[in-house]
Structures are given as structure tokens and as C-alpha cells.
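Chemist: My structure is below; once you've seen it, I'll send some questions.
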Amino acid sequence: MYAISKFSVTHPVLVNLLTVVIVLVGTITFFLLPREIFPYVSTDVIFVETLNPRASADEVEKSITVLLEEEISEVRGIKKMHSTTVEGRSVIILEVETDNMGVTLDKVRRDVETQVEEVTPDLPLEAEKPIVREFVFDVPIMGVSISGAVDEHILKETAHFLKDEIKKIPGVSDINLIGERDEEIWVEIDPLRLYGYGLTLEDVRNAVAMGGLDLAAGLARGTEQEFIVRTKELYTNADDLNRVVLKANREGGRVLVQDIADVKDTFEEATTLGRVNGERSITLDIKQRPGSDTLKITRDVKERLAELEDDLPYGISASYNREIAFMVRERLELLTRNGLLGLVLCLALLRFFLSGRMAMITGLGIPFALMGGLIFMKFMGISLNMISMFSLIMVLGMLVDDGIVVAENTHRYLEKGI
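See the structure below:
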């Protein structure tokens, strides 16, 4: 500390120039730092989730969990693996141990995805494709509610249209749709007609299951070309299901699903409901990428929605909710107010009790220290978030107190002629 003080006294021009440079660079850095609600925290944890509706816990464990665990265990960098299997759902949690030998969280996640892709064909046909994702604390930065007195299909299509458009905005990582219901096809079987054709519920179930497969059937080779042969008979609406053949005879007679059941397009039973002013709504929960600017993303989303407003179907409107950008903005304003107020009070007190020169020298220490901290944050990849700004606000108070104490002590020595 003595060496720094001695160097500053013997090289005043260099120190003054360095002070000006740090203040200027720090001011520029302040506008370049990303602003977000919370800093990105990596937990080094990966989830592998697989759904198999209507399957018991034992079936899910034997046909899904065990197969995935055997395949994933070959991935390098996994410190610990444990799983949870319940009815219709398998979750495998992987704790990753990174090192300096090329093992990173992203690399392990890609390797896990590769291993999962290899074992996916061996999973039950009715099981959904496994989802591999990193566990992160990502808080939605805002919600956009789409509402209107329109058909639910139109509302859902509009929500997906806006989701695709908003995801194109730089900094947006993911968007979850809250209040959306998946489309379903309901088959209400008439028992009398079913038994009249000599069929059982199991016959209908098997025919419907086999008729809705998307499977590769091999290659068809020609003289110069070869083609991939697939059975692609996924059901998209009630008409597709109505035409499924349940029974046929040699004379060409056929029994179709529509002969024994009433089939209609509908939606699954609602688990979450959203309403705006009494009208059904779907909310887009928007999440940001780590290190991106919350205020900029919020502004870009609002500008993009304003551009798309004329393209929305008649009767549909968009509104904002759960917007957290104002929290970041308020904390930034508090940081600025505290800095300016501390500087003014420090200058006024020192000018009143000591001297104008001492007040000016001490007052420069506040922006110098603050801007130096911002430059350090930029090099360390630290964003302006609720935690870092809280720390800066606390440090500002300490700087004012310490500056006054040091200035008063320096003034005392000067009066003694030292």
C-alpha cells in the first residue's frame, strides 16, 4: 500500500491520466454490460426424461430406464447417475464432473444425446422420444398472453405463430406455452354395434395402434436409385381414424371404426387454465439466454409484437404480464441515484469541513472505484444483475465513508506540515 501511495505522489501526471482513462472506459463498459435479473448458474446436472403414458412403473423401468442407463453409463465425465421411475415417466439425473482434459458440460450433453439416439429404436413404440436437457435456473423474463373470444384452434395456432416469431429475436432461448391443450381424437364406441360385428375392445385398440405408425420398412433398390420405404400413417384428424379397417373378409366387405364408434376432434382435459378479462388465453413464458440483456430483449419483444399486431386474427389481442425488466431498471436507477447522492454529499461535507481541493480529490475516488469495478466485471464475464448491483450499492456506501476518513486524516497531516 505504501509503494502505491509513493508511486502516485511521485508520478501525478500518469496517475491523473490513468484515472481519466479508467473513468471513461468504465462509463463505456457500463452501457456494454448485459443486464439481467439473476446471474447464470451452472449446476453441472443433466436430465434425461422419457414419457410412456399408461405404462406401469415396473414396465417403464424395465423397458426404458434400464436400457437408457446401460447406454448412458458409457459416456465419459459422468460423476453420478441416479434415476426415478413412476407410472408413465422415467427421469435419469446425471451429475457431470468437468476437468481440464476436454470434459465439459456441453460435450457430455452431446455425448448423452448421441447415446440416447442409438437406444431410442429399442424403446417401446408407444413411448415418447427421450428429452435430454441441462438443468439451469432460468426464470421467465416476461409473459405475453394471447386471448380472444375465438375458436381454440385459432388461438393455439396464433400462439405458435407468435412463439416462432419471438424465438427469432436474439437473446431468447426458449418459450413455454402455458394454458395450451394438446389436440386429441376421442373414440366413443357403441357396445351394441361393436358386439354386433363380432369385435372386442382389444381388436379396436390393436387396429388403431397398428394403423398409426411411422416406421421405416427398408430400402427399395432400382437400377440407378434406391428409395427409403416407410409406413407413415399418423392420425391427424377424426376422418383419418374413421377410415381405419377393423375387420375384412374375402368378399371385400370391411368394418371401419366409423361403423362402431363416434369419432370427433377435441382437446385433452385442461390441467391449467388462463383467462384475460374473462376470455380464454394462452401465455407465452419467454426465457433469455445466459449473458443476454433483459431490458433489450423486453424492448425487442414489444417492438416485434407491435409489428405483428395487424397480422393477428380478428378478435385476438396480446397483453403483457409478469414483466421483470422493471426490477432490473429500478435497481439500476437506485445504483445511479446512490452514486450521485454519495458523490454530492461527500463533496459538500469535505468542502464545508476541510477544503475544496480535498473535496475534489476525494470525490474523484467514487467514480474511479465504481468504474474500475465495472471494467473488472466486464473482463470476468459478470453481468449487471440483482446480486452484482446490490454489491455495488453496498460498496458505494463504504467508499463514501472511507473517502471521508482518509481525506480527513490526510488533511490533519497537512496541517501538521508533514
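Position in the sequence shown counted from 1, then plus 1345, gives you our numbering. Backbone N, C-alpha and C fix where the C-beta goes; we use that ideal spot for every residue, glycine too.
Mind pulling the beta strand (DSSP E) runs of 3 or more residues that sit fully within the region 1411-1462?
Modeler: Taking only runs of at least 3 residues, the beta strand (DSSP E) segments lying wholly in the region 1411-1462 are 1423-1431, 1434-1441.
Chemist: Any contact between the region 1618-1632 and the region 1543-1551? By contact I mean 3 or more CB pairs, one from each, below 8 Å.
Modeler: The region 1618-1632, when compared against the region 1543-1551, does not touch it at the 8 Å Cβ threshold.
Chemist: One question on the structure: do Q1460 and E1416 come within less than 7 Å of each other, judged by their Cβ atoms?
Modeler: For Q1460 and E1416, yes; Cβs fall inside 7 Å.
Chemist: Between the Cα of L1663 and those of P1485, S1350, F1506, A1554, spot the shortest distance and give me the residue it belongs to.
Modeler: Checking the sequence, you will find Ala at residue 1663 rather than Leu. Checked all of P1485, S1350, F1506, A1554; the closest Cα to A1663 is F1506.
Chemist: Find the nearest neighbour of D1604 within the set D1584, T1611, L1618, judged by alpha-carbon distance.
Modeler: Nearest of D1584, T1611, L1618 to D1604, Cα basis: D1584.
Chemist: Could you pull out every unbroken beta strand (DSSP E) segment of at least 3 residues lying fully inside the region 1358-1418, listed in chain order?
Modeler: Here the runs fully enclosed are 1387-1396.
Chemist: Can you have a look at V1481 and say buried or exposed, based on whether 16 or more other CB atoms are within 10 angstroms of its CB?
Modeler: Classification of V1481: exposed, given that the 10 Å Cβ count is below 16.
Chemist: Check the DSSP bridge columns for G1493 and list the partner residues they point to.
Modeler: Answer is I1661.
Chemist: I need the straight-line Cα distance from S1350 to L1685, nearest angstrom please.
Modeler: Approximately 26 Å, taken between the alpha carbons.
Chemist: Count the other CB atoms within 10 Å of the CB of A1752; is the residue buried (16 or more) or exposed (fewer)?
Modeler: The residue in question, A1752, is buried, as its Cβ has 16 or more Cβ neighbours within 10 Å.
Chemist: Span of the beta strand (DSSP E) holding K1298?
Modeler: Because the chain is modelled from 1346 through 1763, residue 1298 falls outside the range shown and cannot be assessed.
Chemist: Examine the Cβ distances between the region 1694-1702 and the region 1724-1744 and report whether three or more of them are shorter than 8 Å.
Modeler: No: the two stretches stay apart, fewer than three of their Cβ pairs being nearer than 8 Å.
Chemist: Any idea if E1525 is buried or exposed, counting beta-carbon neighbours within 10 angstroms, 16 or more meaning buried?
Modeler: By the neighbour-count rule (16 or more Cβ atoms within 10 Å), E1525 is buried.
Chemist: Kindly indicate which residue of F1392, M1672, P1712, F1724 has the alpha-carbon position closest to the one of L1688.
Modeler: Of F1392, M1672, P1712, F1724, the residue nearest in Cα terms is P1712.
Chemist: Within the same chain, show all residues whose beta-carbon is closer than 8 Å to that of V1370, passing over the 5 residues directly before and after it, in chain order.
Modeler: Cβ within range, chain order: M1716, I1720.
Chemist: Please determine, among I1534, V1366, R1644, R1478, the residue with the shortest C-alpha to C-alpha distance to F1609.
Modeler: It should be pointed out that residue 1609 corresponds to Lys in this sequence rather than to Phe. Out of I1534, V1366, R1644, R1478, I1534 has the C-alpha closest to the C-alpha of K1609.
Chemist: Is there contact here, the region 1492-1507 with the region 1625-1640, by at least three beta-carbon pairs under 8 Å?
Modeler: These segments touch.
Chemist: What residue does the alpha helix (DSSP H) around N1683 start on, and which one ends it?
Modeler: That run of the alpha helix (DSSP H) goes 1670-1698.
Chemist: Relative to the alpha-carbon of N1587, which residue among V1532, A1615, Y1540 has its alpha-carbon at the smallest distance?
Modeler: The option with the nearest alpha carbon to N1587 is V1532.
Chemist: Drop a sphere of 10 angstroms on the beta-carbon of K1512, count the other beta-carbons inside from all chains shown, and report buried for 16 or more, exposed for fewer.
Modeler: K1512 is exposed by the Cβ-count criterion.
Chemist: Are any of the Cβ atoms in chain D nearer than 7 Å to that of T1707?
Modeler: Given the protein chain composition of this structure (a single chain), no chain D is represented.
Chemist: Under a Cβ-count criterion, where at least 16 other Cβ atoms within 10 Å of its own Cβ denotes burial, should V1365 be classed as buried or exposed?
Modeler: Classification for V1365: exposed.
Chemist: Using a Cβ-Cβ cut-off of 8 Å (strictly less than) and excluding sequence neighbours within five positions of T1372, which residues of its own chain qualify?
Modeler: Same-chain partners within the cutoff: M1716.
Chemist: Helix, strand or coil: how does DSSP classify K1508 here?
Modeler: Correct three-state label for K1508: helix.
Chemist: Here's a check: name, in chain order, each residue in its chain whose Cβ is nearer than 8 Å to the Cβ of F1383, leaving out the five neighbours to either side.
Modeler: Closer than 8 Å at Cβ, skipping near neighbours: F1482, V1484, N1730, M1731, I1732.
Chemist: Can you tell me whether DSSP reads N1666 as helix, strand or coil?
Modeler: In the structure shown, N1666 sits in a strand (DSSP, three-state: E or B).
Chemist: Please state the DSSP three-state secondary structure of A1752.
Modeler: A1752: helix per DSSP, three-state reduction.
Chemist: Count the other C-beta atoms from every protein chain shown that fall within 10 angstroms of the C-beta of A1472, then say buried if there are 16 or more, exposed otherwise.
Modeler: It counts as buried.
Chemist: Starting from the C-beta of T1429, find all residues in its chain whose C-beta is less than 6 Å away, skip the five residues before and the five after it, and write them out in chain order.
Modeler: V1436.
Chemist: Looking at the unbroken beta strand (DSSP E) that takes in K1723, where does it start and where does it end?
Modeler: Element bounds for K1723: not the beta strand (DSSP E) but the alpha helix (DSSP H), 1701-1725.
Chemist: Please state the DSSP three-state secondary structure of A1593.
Modeler: A1593 falls in the strand class under three-state DSSP.
Chemist: Please report the straight-line C-alpha distance between L1640 and G1488, rounded to a whole angstrom.
Modeler: Looking at the two C-alpha atoms, the distance is approximately 14 Å.
Chemist: Looking at the structure shown, is K1474 part of a helix, part of a strand, or coil, going by DSSP?
Modeler: Residue state, collapsed to three classes: coil.
Chemist: Could you tell me which uninterrupted beta strand (DSSP E) segments, each at least 3 residues in length, are contained entirely in the region 1621-1649, listed from first to last along the chain?
Modeler: As far as the region 1621-1649 is concerned, its whole beta strand (DSSP E) runs of at least 3 residues are 1624-1633.
Chemist: Give the range of the beta strand (DSSP E) segment to which D1298 is assigned.
Modeler: Residue numbering for the chain in the displayed model covers 1346 to 1763; residue 1298 lies beyond these limits and cannot be assessed.
Chemist: Is S1492 buried or exposed, if buried means 16 or more other CB atoms sit within 10 Å of its CB?
Modeler: With 16 or more other Cβ atoms within 10 Å, it is buried.
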